[in-house]
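The listed protein sequences correspond, in order, to chains H and X.
The opening residue of the first sequence carries number 1213 in this note's numbering; numbering runs sequentially from there.
The opening residue of the second sequence carries number 482 in this note's numbering; numbering runs sequentially from there.
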Amino acid sequence: GENVEQHPSTLSVQEGDSAVIKCTYSDSASNYFPWYKQELGKRPQLIIDIRSNVGEKKDQRIAVTLNKTAKHFSLHITETQPEDSAVYFCAASDYKLSFGAGTTVTVRA
Amino acid sequence: GAVVSQHPSWVICKSGTSVKIECRSLDFQATTMFWYRQFPKQSLMLMATSNEGSKATYEQGVEKDKFLINHASLTLSTLTVTSAHPEDSSFYICSALPSGTTNQPQHFGDGTRLSIL
Chain H
1213 GENVEQHPST LSVQEGDSAV IKCTYSDSAS NYFPWYKQEL GKRPQLIIDI RSNVGEKKDQ
1273 RIAVTLNKTA KHFSLHITET QPEDSAVYFC AASDYKLSFG AGTTVTVRA
Chain X
482 GAVVSQHPSW VICKSGTSVK IECRSLDFQA TTMFWYRQFP KQSLMLMATS NEGSKATYEQ
542 GVEKDKFLIN HASLTLSTLT VTSAHPEDSS FYICSALPSG TTNQPQHFGD GTRLSIL
């Protein structure tokens, strides 16, 4: 089955700085790569996703890149704000979602 | 659009009790729904894939006789935790995939916090 690794497990950044989270996947059949933000006790919220026929996607302060050859994908958050503090999960899917272990992001004011 | 309702949001019960959790797609039909479990400070782990009108497919290590899944309609899947014990305490989340969609995104419910005393 699919194995998704996510790094780092924790990330502390100064407000206004950028945050980068990296993931790798193992199954070359995976073709959909979403990123979720989860606040304590709540459902995961889709913040951005990318499909395997695209190398990069951007939505305001959030961008995702995908390298299919290396089986890497990354989340970039620019101009971080305190409300960006949460746990972020990457996932890979060819039908079922396999999640990474999560990254706890703390934005220091 | 694409709203998934999960009920109850929180349940506390005694050990040995069976608990049913409902997952409804409110404004779309979902041939496929997924059930996840999330322990504190951990990731979401897929438990099973629920397909309307057929038996659920369970992930390795998930006891199908303990976690009963029924997907009798295109808008409702239920997960019953039978004879629950404290180690079953967790956050259970469902998601639904709109019918006719070959791939994502899945739409998540708000989750059910299950606490077994």
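Using N, Cα and C, we set each Cβ at its ideal position, and we do this for glycine too.
Predicted model only: the values in this text are computed from it and were never measured.
Counted within 10 angstroms of its Cβ, other Cβ atoms place residue i as buried (16 or more) or exposed
{"i": "H:A1321", "result": "exposed"}
{"i": "X:W516", "result": "buried"}
{"i": "H:R1263", "result": "exposed"}
{"i": "H:D1296", "result": "buried"}
{"i": "X:L598", "result": "exposed"}
{"i": "H:V1319", "result": "buried"}
{"i": "X:S531", "result": "buried"}
{"i": "H:A1241", "result": "exposed"}
{"i": "H:Q1250", "result": "buried"}
{"i": "X:F548", "result": "buried"}
{"i": "H:T1222", "result": "exposed"}
{"i": "X:F520", "result": "exposed"}
{"i": "X:I493", "result": "exposed"}
CB-CB length for residue i against residue j, believed under 8 Å
{"i": "H:Y1214", "j": "H:Y1237", "result": "The displayed chain sequence assigns Glu, not Tyr, to residue 1214 of chain H. Yes, they are in contact, since the Cβ atoms of H:E1214 and H:Y1237 sit about 6 Å apart, within 8 Å."}
{"i": "H:S1286", "j": "H:V1232", "result": "6 Å"}
{"i": "X:G542", "j": "X:Y573", "result": "At roughly 16 Å, the Cβ-Cβ gap does not stay under 8 Å, so X:G542 and X:Y573 are not in contact."}
{"i": "H:S1310", "j": "H:V1225", "result": "With a Cβ gap of about 27 Å, H:S1310 and H:V1225 do not count as contacting."}
{"i": "X:H588", "j": "X:V485", "result": "5 Å"}
Range covered by the beta strand (DSSP E) that runs through residue i
{"i": "X:N551", "result": "548-554"}
{"i": "H:N1243", "result": "Element bounds for H:N1243: n/a, residue is neither H nor E."}
{"i": "H:L1258", "result": "1257-1263"}
{"i": "X:F515", "result": "513-519"}
{"i": "X:L557", "result": "557-562"}
{"i": "H:Q1226", "result": "1222-1226"}
{"i": "H:A1298", "result": "1298-1305"}
{"i": "X:L598", "result": "It is not in any beta strand (DSSP E) - X:L598 carries neither H nor E in the DSSP assignment."}
{"i": "H:D1271", "result": "1268-1271"}
{"i": "X:Q487", "result": "485-488"}
{"i": "H:E1217", "result": "1216-1219"}
Cut-off 7 Å between Cβ atoms - residues of its own chain near residue i, not counting five sequence neighbours on either side
{"i": "X:T498", "result": "A565"}
{"i": "H:L1258", "result": "P1246, Y1248"}
{"i": "H:K1280", "result": "S1264"}
{"i": "X:K536", "result": "none"}
{"i": "X:A511", "result": "L555, T556, A577, L578, P579, S580"}
Residues of its chain near residue i, where Cβ-Cβ distance is below 6 Å and the 5 sequence neighbours each way are ignored
{"i": "H:V1302", "result": "Here residue 1302 of chain H is Cys; the residue named in the question, Val, does not match the sequence. These residues qualify, in order along the chain: Q1218, C1235, W1247, G1312."}
{"i": "X:T513", "result": "N532, L578"}
{"i": "X:Q585", "result": "none"}
{"i": "X:E503", "result": "H488, T559"}
{"i": "H:K1269", "result": "I1262, V1276"}
* To do: Check distances from the C-beta atoms of the stretch 1235-1246 of chain H to those of chain X and list, in chain order, the residues that come in under 8 Å.
  => Taking 8 Å as the Cβ-Cβ cut-off against chain X, the residues of the stretch 1235-1246 of chain H that qualify are N1243, Y1244, P1246.
* What residues in the stretch 553-577 of chain X have a beta carbon less than 9 Å from any beta carbon of chain H? -> Hits within the stretch, in order: F572, I574, S576.
* Would you list, in chain order, the members of the stretch 519-537 of chain X that have their beta-carbon closer than 7 Å to a beta-carbon of chain H? => Cβ contacts with chain H come from S524, L525, L527, T530.
* To do: Name, going along the chain, the residues of the stretch 1259-1276 of chain H whose beta-carbon falls closer than 9 Å to a beta-carbon of chain X.
  => Listed by position along the chain: D1261, R1263.
* Asked: Looking at chain X, which residues of the stretch 1304-1316 of chain H have a Cβ within less than 9 Å of any of its Cβ atoms?
  -> Those would be S1305, D1306, Y1307, K1308, L1309, S1310, F1311, G1312, A1313, G1314, T1316, in chain order.
* Could you name the residues of the stretch 583-598 of chain X whose beta carbon sits closer than 9 Å to any beta carbon of chain H, in the order they occur along the chain? => Along the stretch 583-598 of chain X, the positions whose C-beta sits under 9 Å from a C-beta of chain H are T583, N584, Q585, P586, Q587, H588, F589, G590, D591, G592, R594, read in chain order.
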